[in-house]
Amino acid sequence: MSAVKTKNSTTERRRDQQLTADGQTHHKRPSARGKVAALLTPALVLIGVIILYPLLSGVVLSFKSDPVLNRHDGFFYPGGFIGLQNYGYWLTHSCSTGSATVGCPPGTLANDFWPALGNTLFFTIVTVLLETIIGIGMALVMAQNFRGRGLLRAAVLVPWAIPTAITAKLWAFLFAEQGIINSLFHTTIAWQTDPWAARFSIILADVWKTTPFMALLILAGLQMIPKELYEAARVDGANAWQRFTRITLPLAKGSIVVAVLFRMLDALRMYDLPYIMVGPNPDSPTATVSQLVVAAIRQDQVNAASALSTLIFLLIFLIALFFVKVLGARLNKQPDSVVAEED
Numbered sequence: 001m002s003a004v005k006t007k008n009s010t011t012e013r014r015r016d017q018q019l020t021a022d023g024q025t026h027h028k029r030p031s032a033r034g035k036v037a038a039l040l041t042p043a044l045v046l047i048g049v050i051i052l053y054p055l056l057s058g059v060v061l062s063f064k065s066d067p068v069l070n071r072h073d074g075f076f077y078p079g080g081f082i083g084l085q086n087y088g089y090w091l092t093h094s095c096s097t098g099s100a101t102v103g104c105p106p107g108t109l110a111n112d113f114w115p116a117l118g119n120t121l122f123f124t125i126v127t128v129l130l131e132t133i134i135g136i137g138m139a140l141v142m143a144q145n146f147r148g149r150g151l152l153r154a155a156v157l158v159p160w161a162i163p164t165a166i167t168a169k170l171w172a173f174l175f176a177e178q179g180i181i182n183s184l185f186h187t188t189i190a191w192q193t194d195p196w197a198a199r200f201s202i203i204l205a206d207v208w209k210t211t212p213f214m215a216l217l218i219l220a221g222l223q224m225i226p227k228e229l230y231e232a233a234r235v236d237g238a239n240a241w242q243r244f245t246r247i248t249l250p251l252a253k254g255s256i257v258v259a260v261l262f263r264m265l266d267a268l269r270m271y272d273l274p275y276i277m278v279g280p281n282p283d284s285p286t287a288t289v290s291q292l293v294v295a296a297i298r299q300d301q302v303n304a305a306s307a308l309s310t311l312i313f314l315l316i317f318l319i320a321l322f323f324v325k326v327l328g329a330r331l332n333k334q335p336d337s338v339v340a341e342e343d
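Numbering (full-length UniProt numbering), first residue to last: 1 to 343.
Encoded structure:
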């Protein structure tokens, strides 16, 4: 019995260690999963500290009231749990007065929520649509072989590389009442006070700055399309429009969707362009939800601002989930036109 135990223990030790000729022992190398875990752990910890902790803290604060000043000792004390009152403040314009809940009076930030949300969605839809259409055209041009193509690609990056604050000041100077645009076209449009003129100027500035980003992402997808498909289509007599709709668009759809997703998530957080070009007032005709968050913090409504940030996070999360689950599943199916072209 003891001999069997000794044999088994010897076998187990040989599994854990490898003897070399000089008598030294080397333990087994860590598994691939162990290496992956060791490499990912620092990054996951860093992400948790930088992203997850502030996110969860903001969600927790959104269910509490703002800190209260104790007049006896002069210290601020954390507010208590108030449920969904901060969310009702924004969504239903309801303010709490003691134990009762009434409509918020005029002039409160809650009354600016729905107009700001409408501006945010309007800017997002219009700018992303224009940037996608123009970006596809720019990507098609940059994908061609011609002299100076590298110089063109580098020049296209210039607007995107300029900081947004500088871009906003540049376009605000162009659209000033005595600026270049009014002087050039002999007009007297109040670009900063007229609601639709102000929206147009912001959209134009955003399209000018961010379209190169869209074009480069789409260009990466165009360069992955095999040239043989286009040659076969030409042999079959397909014209330029047929090659574009049946080869280019189906095969570049993945990069287009990724570009639209990234740009849409960024546009929903628009803050600096309307803030600098029109003004910081949360009741301005171009105010966005991000401006309301900053305005609430400046008015010491930190927990209400946390609730508004949580609402925007949920909106962004649902949009990203739709792109990944719905559109991503459709992209995994190879288009029939491409299959027929390959056959």
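Where a beta carbon is used, it is the ideal one built from N, C-alpha and C, also for glycine. Please read all numbers here as calculations on a predicted model, not as lab measurements.
- In chain order, K64, S65 place their CB closer than 7 Å to the CB of G80, counting only its own chain and leaving out the 5 sequence neighbours on each side.
- F123 places its beta carbon less than 8 Å from that of M270.
- Beta-carbon to beta-carbon, T286 and I202 are separated by about 6 Å, close enough to satisfy the 8 Å threshold.
- C-alpha of V293 to C-alpha of L261: approximately 23 Å in a straight line.
- Residue A205 holds the alpha-carbon nearest to the alpha-carbon of T127 among I297, A205, W241.
- If you draw a 10 Å sphere on the C-beta of K209, you find 16 or more other C-beta atoms in it, and that means buried.
- Boundaries of the alpha helix (DSSP H) harbouring V207: 195–222, taken from the DSSP string.
- DSSP places E131 in the uninterrupted alpha helix (DSSP H) bounded by 113–142.
- In this structure, DSSP gives V278 a state outside helix and strand, which the three-state scheme calls coil.
- Residue R153 holds the alpha-carbon nearest to the alpha-carbon of L216 among R153, L315, L318, N119.
- When C-alpha distances from L321 are compared across V257, S306, H186, the shortest belongs to V257.
- Around the C-beta of T101, fewer than 16 other C-beta atoms lie within 10 Å, and the residue is accordingly described as exposed.
- Out of T92, A198, S255, the CA that lies nearest to the CA of G279 is found in A198.
- Selection L55, L315, P274 evaluated against W196 yields P274 as nearest (Cα-Cα).
- By the Cβ criterion, the region 106–117 is not in contact with the region 182–190, since fewer than three pairs of Cβ atoms, one from each stretch, lie closer than 8 Å.
- Separation of L40 and I47 (C-alpha to C-alpha, rounded to the nearest whole angstrom) is 11 Å.
- Contact check for A267 against I225 fails: the beta carbons are separated by 8 Å or more.
- Cβ-Cβ separation between G135 and I218: approximately 5 Å, consistent with a contact (criterion under 8 Å).
- Rounded to whole angstroms, the Cβ separation of A232 and R243 is 10 Å, and the two are not in contact under 8 Å.
- For W191, the number of other beta carbons within 10 angstroms of its own is at least 16, and it is reported as buried.
- Cβ-Cβ separation between N239 and S62: approximately 56 Å, too far for a contact (criterion under 8 Å).
- With a cutoff of 8 Å on beta-carbon distance, I276 and A116 are scored as not near each other.
- T120 is positioned such that its CB atom lies closer than 8 Å to that of T288.
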